[in-house]
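I have placed the structure first, in the form of structure tokens, so that the comments after it can refer back to it.
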Amino acid sequence: MLRIPCPHCGLRDYTEFQYGGDASKIRPVHTEECLAPWHDHVFLFDNPKGVHREYWQHRLGCRQWLIIDRHTATNVIEPTTRDPTNSDLMNSDLMNTGRQP
Amino acid sequence: MNAHTRRPQGGHMDRSQVLHFSLEGKPLVGFKGDTLASALLANGIRLIGRSFKYHRPRGFLAAGVEEPNGLFTLGSGGRTTPNVVGTTVALYDGLIAHRQNAWPSVEWDWMAINSLLAPLLSAGFYYKTFMGPCKGSWMFYEPFIRRAAGLGRARHIKDPDRYDTRHAHTDVAVIGAGPAGLAAALQAGRRGARVTLIEQDSLLGGCLLSESSPALTEWRQQVMAELASLPRVKILTHTTALGLYDGHTLALVERRDASAADPTRGQAREVVITLRTRALILATGAIERPLVFGNNDLPGVMLHSAVHTYSERFALNLGSRILCATNNNSVYASACALAQHGAEVIIADSRPHIDQALMESARAVQIRVLTDAQLISAQGRRHVRAATLAVAGQSRPTTLPCDLLTLSGGWNPTVHLSSHTGIAPVYRAAVDAFVPGRYASGHYGAGAIHGCYALPEVIREGATAGQDAAMQAGYPQPVDVIAIPAVSTVPYAFELPRTAYPRTRQKAFVDFQTDVTTQDLTIAHEEGFVSVEHLKRYTTLGMGTDQGKTSNVNGIQHMAALRDVPIPSAGTTTFRPPYTPVSIGALAGRRVGQHFRPIRRSPLHDWHATHGGVFTEAGPWLRVWYYQWAGSSVESAYLEEMRVVRQGVGLSDVSSLGKIDIQGPDAAEFLNRVYVNGFAKLPIGKARYGVMLNDDGTVLDDGTTARFSDTQYFMTTTTAQAVEVMSRLEFLTQQVWPELAVNVTSLSDQWAGLCIAGPKARAVLQNAFPTLDSSDAAIPYMGAREASLGEVPLRLLRLSFSGELAYELYVPSEYGQALWEHLLVAGAHLGIQPYGLEALASLRIEKGHVAGLELDHRNTLDDLGLGKMASRDKAYIGRALSQRPGLKAMDRWSLVGLRLTTTGSPLRGGAVLFAKDEPLTGHGRGYITSVTWSTELNQYIALALYQGGLRHEGEEIVCAYPLKNEYTRATIVSPVFIDPSGARLHV
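Each protein sequence line maps, in turn, to chains G and C.
The numbering of the first sequence is the working numbering, which starts it at 53 and goes up by one.
The numbering of the second sequence is the working numbering, which starts it at -11 and goes up by one.
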């Protein structure tokens, strides 16, 4: 079973999470009115064999949206690094102990 | 000497505990510690089934999980379990067993006539024979074929037993409790790690259980005693590791003694365990490979290791004249043991040269050794009587009488679990076997799994793996290394025979369970099958319940020989979980019946249940379908409930709606970006209907959002999309617009929602809240108020789903029932009644409100007639892609209303729509989404999506429902059937 290291809750089964799509692409700003950047963002995806940056939401836990680097062939997950709203949490001791605040 | 004698001493059974069981009703006895197989053999029963296709008589080939022939149906009634491998069943008192796949009995099986039809039944015979003479022939033949070729049958009676699910965690999981696994578990345990030792057998020891050497017996006892003394070591016997998954997760099934598990006391018969571990050790051992020759499926032809196990572990003498056929060193020690128990033993070794020490050890116990001797065929009708061999230096084959023929064609390491992780096994020529290609990080292997067979070395490897795994799991402190027993071993050596398989006219079986012979493989080869994966599917090699544990490698070797390529080039098949068959009941656990999935209940559920509410499933929710005050069936009740709402006042439970609190200085800006219509200028104390889009421009959800202060909004969503909308808002606040100062909080479970609807709704409200000014001026249409019921906060929204004057009231969940009862009392003199989901949905169809059935994530705002809502002067999610030309096309399927114009058949949801005079073929021009009988219009009405939408208003179209052969006509009308001006809302 794929297990995901949640920076807030610790290592948890993926069944607590919901996959939220490709996080490697930069989302156009909401005021962007051109079709092309939105078309590329919504419809065009790479399907890499290797490390893939993706969104997962810890729905049955802290409900945070995480960005995770997952190897698509081995399911090995590297520690999460980017979480704009919770940068303080990410760098605190919580990440090391895996305990909930 | 009697052929089936249980020796008076020896073995690992408890002879003081006599167990009674039955085979086809015949009473038999065995001992505690027997398997069903050993107990049957002890009772002289050697014919245990008929083969899959040819119905040939079969006996046990093996003594463990690899057994291909010995499948039984156990139990009776609802407890019947088919296809149970007899060699893995620990005997228990009262066990009821039946043999399978024979009629009228295994001894006299009419279907044995299939043997005469053998030419028809070779590889691919289904595909070639049963395709003609016309299309659909297969449908005709299939039931007959299924009856003739088959395994046991499941019953259609409910299983009374309980099955359970468990989650477990450990530091080091050790799979297999043979010498390697015992050493590994002990070494890791000594380091202080939490160890889980998993053994499918009822006893620990693996191959040690078949050893009579005092040194090994003592070693096993000592290790077991020390393991038992370590509190952090957990031993699971009768537990099979079914699969190995990502994240160091193992799926285990623990099979409890069927006689001990008592469902009436809540005890489970089987438990599926999800075990998460930090490190794991694969000590899964190896399975002996049979030899392939003519009639090699006769009862009395068995794996050599199995005969050894039956002899030493179960004290059974299975033959008095034993011929041991081999190509390797592993049989000699055990053959000597068989001779010492009194049998006359001949070893037929296919190698021309044999280690001198082995030769002498055999001669010392009067064993005759034939070198360069290859088996051609076995003879006998129901049991082996003799074997024919080609012996070097002799011009003609030799026939030797025997009553037991044992086979050792080398060993197949049990690489299944390591393969589950996606690591393909590789062929290791030095041991003529497929071994794990490598071990994943945190995984370790020890012993026979990678072709290490010498006992001291196996134990040493196990101990090392135990150290390494404990280290990996965070237990670095060194400890004493366990003692290695002093046993002498001869190194493993083998030689493949010069010809892979002897030419013989008799059937030579590669796969015993699915009746695949060398001839089938040859046919497949001649027809051009090259890939092992294709070969497997064409011939059914390895497709039985044993998953080819004894047949795969022989099949691959045969294929390699036919193609004249080395074995690695022939490839190997992919192993997938489960390692051994597992019952569906165990996988389902307690998730049966009502517990199939979690159910969401309204906080008012109990009131509904005790007041005539009849429930229906709406997604995960259990909602009231209708109330029995209105009728005894939904067809009559919902119409009565609709009338109450249209003419008086009704009360309904809308607690399942999504409820989201949105707060913060940027809450207005946030909603403005989320909804297509503007929310920034929504006045405090007002609510507004809003629609949000997906990124791709299609409609995601609709709902109403009210503003209670500058910085606080209260959003409602549809029941169906509540979870997705909440998740979406969290994504936007956390990841997309972290700069917005806004927080979203779900109140869906925390608040109950009630709706009072009908012309008399205000009168109820006035009576219920005398101090609240509920006049039209104070609470106008789309007005929102905060109020209180005693101490309890209350939110009141004047909006309408039904098209009547209506109010939605929200209170904390625990006060939902108090408010509900309060409103019923306040409205009693006005005839207030509760109404259910069916009426609620029908009222909204009359009003033309879209709901989940219309919102299919493919429609645009224009498709739903909501295009005018979209703001032109602000940005919102989905705006850019909603402008795509394809989404602006004129002939899109758009929302329309339908009125039935013919009598007879009703309109039906899902009916396909066609223009009046076109042929009724293809996908049509749309379909009906929702249907109801309209109490106002006294006819069937429907909402539908139709190509071109209301541009066809007034046209008559055809609604086709071919499944029921119904073709009705309807007229396209506006989807708003009642009160198009909205006069009823503004009173």
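By construction, the Cβ of each residue, glycine as well, lies at the ideal position given by its N, Cα and C atoms.
- Under the three-state reduction of DSSP output, M53 (chain G) falls in the coil class, being neither helix nor strand.
- In this structure, DSSP gives C58 (chain G) an extended state, which the three-state scheme calls strand.
- For W117 (chain G), the secondary structure class from DSSP, reduced to helix, strand or coil, is strand.
- By the CB criterion at 9 Å, F500 (chain C) and T560 (chain C) fall outside the cutoff.
- Listed in chain order, the positions of the segment 420 to 435 of chain C with a beta carbon within less than 9 Å of a beta carbon of chain G are A428, S429.
- Contacts with chain G at 9 Å (Cβ-Cβ) include W725 (chain C).
- Of the residues assessed, E514 (chain C) falls on the exposed side of the cut-off, its CB having fewer than 16 other CB atoms within 10 angstroms.
- Under the 9 Å criterion on CB atoms, G72 (chain G) is classed as interfacial with respect to chain C.
- Sequence-distant Cβ neighbours of V414 (chain C) in its own chain, meaning closer than 6 Å and more than five residues away, are G425.
- Residues of chain G with a Cβ closer than 9 Å to the Cβ of T237 (chain C) are, in chain order, M53, L54, R55, D65.
- Under the 9 Å criterion on CB atoms, A868 (chain C) is classed as interfacial with respect to chain G.
- Put simply, the CB of P80 (chain G) is near chain C, with a gap under 9 Å to one of its CB atoms.
- Chain G has no Cβ within less than 9 Å of the Cβ of G450 (chain C).
- The Cβ atoms of A256 (chain C) and A457 (chain C) lie no closer than 9 Å to each other.
- In the three-state reduction of the DSSP assignment, K647 (chain C) falls in the strand class, which pools E and B.
- Between H371 (chain C) and L575 (chain C), the CB-CB gap reaches or exceeds 9 Å.
- With 16 or more neighbouring CB atoms inside 10 Å of its own CB, K835 (chain C) falls in the buried class.
- Judged by DSSP secondary structure, E605 (chain C) falls within the beta strand (DSSP E) whose first and last residues are 601 to 606.
- Judged by their CB atoms, G63 (chain C) and R301 (chain C) are not nearer to each other than the 9 Å cut-off.
- For F658 (chain C), the secondary structure class from DSSP, reduced to helix, strand or coil, is helix.
- Exclusion of the five residues before and after Q700 (chain C) leaves Q651 as the residues of its chain whose Cβ lies within less than 6 Å of its Cβ.
- Counted as a single uninterrupted DSSP element, the beta strand (DSSP E) harbouring M703 (chain C) occupies residues 700 to 705.
- In terms of beta-carbon proximity, F719 (chain C) lines the interface with chain G, with at least one pair separated by less than 9 Å.
- At the C-beta level, L742 (chain C) and G646 (chain C) stay beyond 9 Å of one another.
- Against chain G, the CB of D654 (chain C) has no partner CB under 9 Å away; the residue lies outside that interface.
- Taking G819 (chain C) as the centre and dropping the five residues before and after it, the same chain places the C-beta of G636 closer than 6 Å to its C-beta, in chain order.
- For G21 (chain C), the closest of C:A303, C:V72, C:A156 by C-alpha to C-alpha distance is C:A303.
- For H104 (chain G), the enclosing beta strand (DSSP E) has its first and last residue at 103 to 109.
- Residues of chain C with a Cβ closer than 8 Å to the Cβ of T83 (chain G) are, in chain order, A863.
- Considering only beta carbons, the part of the segment 108 to 134 of chain G lying closer than 7 Å to chain C consists of Q109, R111, R115, Q116, W117, N127, in chain order.
- Within chain C, no C-beta atom comes less than 8 Å from the C-beta of C58 (chain G); the nearest is roughly 13 Å away.
- Contact annotation: R182 (chain C) and K222 (chain C) have beta-carbon atoms nearer than 9 Å.
- Rounded to whole angstroms, the gap between the alpha carbons of P57 (chain G) and H155 (chain C) is 18 Å.
- Residue range 87 to 95 is occupied by the alpha helix (DSSP H) that includes F95 (chain G), with no beta strand (DSSP E) assigned at that position.
- For E712 (chain C), no pairing in a beta bridge is given by DSSP.
- Per the C-alpha coordinates, the member of C:L852, C:L388, C:A806, C:L11 positioned closest to G82 (chain C) is C:L11.
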